[in-house]
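Colleague:
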Amino acid sequence: MVLTIAGRKSEDPRSRECYHLYELLGLALSDLVDQGLIEEEKLNTFNIPYYTPSPREVKHIVENEGSFSINSLEVAYVHWDPSEFVDENKLEEEGYNVFKCFRAVSEPLVLTHFGEGVIEKIEHQCRKKVLESFFKGNIRLYNVVVIVTKKM
């Protein structure tokens, strides 16, 4: 079985590579509070339970569970390098792809907490933040890829 998990290269769970996109979401939501579009109380009670494991943590969990043997375990950098895009339109398109990946994971939680009435505004503001960060080359994402086989 092959598992690809949003993870981190660093052993430090406070590393920026773990939470950068969620930080951008927080900044976008804060902007909307400043604009009076979201209540501050809603922002203060919003919580996304999110954790990205390191390769060592994944290895520890698999070994402790005991049902599987690890055949391969590695960290894969999600390659989003804005310097490769000479054409500004392609750069914006790729930045939007970064946003869409993030949105696929976060939207259900955001929608449930803030409601449909402001979801478009949240998405617009968050997309702006992600694109700004992408243009600056600030987005570094990693996946932990582990290949396991069931023990007999």
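For the record, in the sequence shown the residue sitting at position 90 is 90 according to the UniProt record's numbering, with numbers rising by one throughout.
Beta carbons: idealized from backbone N, C-alpha and C, even for Gly.
Note that the coordinates shown come from a computational prediction; the quantities given were computed from them, not determined experimentally.
1. Is it true that the segment 31-44 meets the segment 133-152, where meeting means three or more beta-carbon pairs spaced less than 8 Å apart?
2. Pull up the CB-CB distance for Lys9 and Val75, whole angstroms please, since I reckon it's below 8 Å.
3. Cα-Cα, which of Asn47, His20, Arg56 is closest to Phe134?
4. So, helix, strand or coil for Glu17, using DSSP?
5. Taking C-alpha atoms, which residue in Val105, Val148, Gly7 lies nearest to Ile48?
6. Distance check for Arg127 and Val33, CA to CA, integer angstroms please.
7. Going by DSSP, which residues form a beta bridge with Ile5?
Modeller: By the coordinates alone:
1. A contact is defined here as three or more CB-CB pairs under 8 Å, and the segment 31-44 fails this definition with respect to the segment 133-152.
2. With a Cβ gap of about 5 Å, Lys9 and Val75 count as contacting.
3. Considering only Asn47, His20, Arg56, the residue with the shortest C-alpha distance to Phe134 is His20.
4. DSSP places Glu17 in helix when its eight states are reduced to three.
5. Closest by C-alpha distance to Ile48, out of Val105, Val148, Gly7, is Val105.
6. Using only the alpha carbons, I get a separation of about 16 Å.
7. For Ile5, which the question treats as bridged, DSSP gives the partners Val144.
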